[in-house]
Amino acid sequence: MDSRGGQRRNPYELTDESPVYVISVAAQLSGLHPQTLRQYDRLGLVSPDRTAGRGRRYSARDIELLRTVQQLSQDEGINLAGIKRIIELENQVAALQQRVAELQGALEGAASAMRQREAAVHASYRRDLVPYQDVQQTSALVVWRPKRSE
């Protein structure tokens, strides 16, 4: 697992979550000043990974988030506290969507297991049994008399 809770298959595989950019490169890629990136980190808007020497390392996802923060701030006029709340809510929605997908998978698995058990029960029925059919009631009277042994 990486520090953000995601799982990495291969430690040498680069993904959108791989922290590879130093602050100067991240600032250039996002179009922001490095001091702005430090401020966003202090406020908890964008939290890059840290090296052993406490240097910041940004991922491609972090840079995209920096661009989003800048767009919300400049174009939409939302203050940083509002942006932080938006990011928190988006993260919560993503986590809930993931949980719903997990629960749907578990539900489908349980339904499949139930269908298999039901099929096994039906397969175990005796074939010489005849299903009961409801006889229509009539006013006819049937008399039965046992044979007398003489």
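Numbering (full-length UniProt numbering), first residue to last: 1 to 150. All C-beta atoms, glycine included, are put in the ideal place defined by N, C-alpha and C.
Per DSSP, which residues does residue i bridge with? Please list them.
{"i": "R50", "result": "R56"}
{"i": "Y21", "result": "Y58"}
Leaving out five residues on either side along the sequence, give the residues of the same chain with a beta carbon under 8 angstroms from the beta carbon of residue i.
{"i": "G53", "result": "none"}
{"i": "N10", "result": "none"}
{"i": "R57", "result": "P19, V20, Y21, V22, P48, D49, R50 and T51"}
{"i": "Q70", "result": "S30, G31 and L32"}
Starting from residue i and walking both ways along the alpha helix (DSSP H), at which residues does that stretch end?
{"i": "K84", "result": "L80 to A123"}
{"i": "P34", "result": "P34 to L43"}
By Cβ distance below 7 angstroms, which residues in the same chain neighbour residue i in space, the five residues on each side in sequence not counted?
{"i": "S47", "result": "D41"}
{"i": "K84", "result": "L43, G44 and L45"}
{"i": "A27", "result": "H33, P34 and L37"}
Excluding sequence positions up to five away, which residues of its chain have a Cβ less than 6 angstroms from the Cβ of residue i?
{"i": "L29", "result": "I63"}
{"i": "A60", "result": "D16"}
{"i": "S3", "result": "Caution is warranted here: a pLDDT of 49 is assigned to S3, below 50, making its placement in the model unreliable, and no coordinate value can be reported."}
Report yes or no: do the region 69 to 84 and the region 114 to 128 share at least 3 C-beta pairs separated by less than 8 angstroms? Contact between the region 69 to 84 and the region 114 to 128 is absent, because fewer than three Cβ pairs lie under 8 angstroms.
Can we say the region 27 to 35 touches the region 12 to 19, given the rule of at least three CB pairs closer than 8 angstroms? They do not touch, by the three-pair rule.
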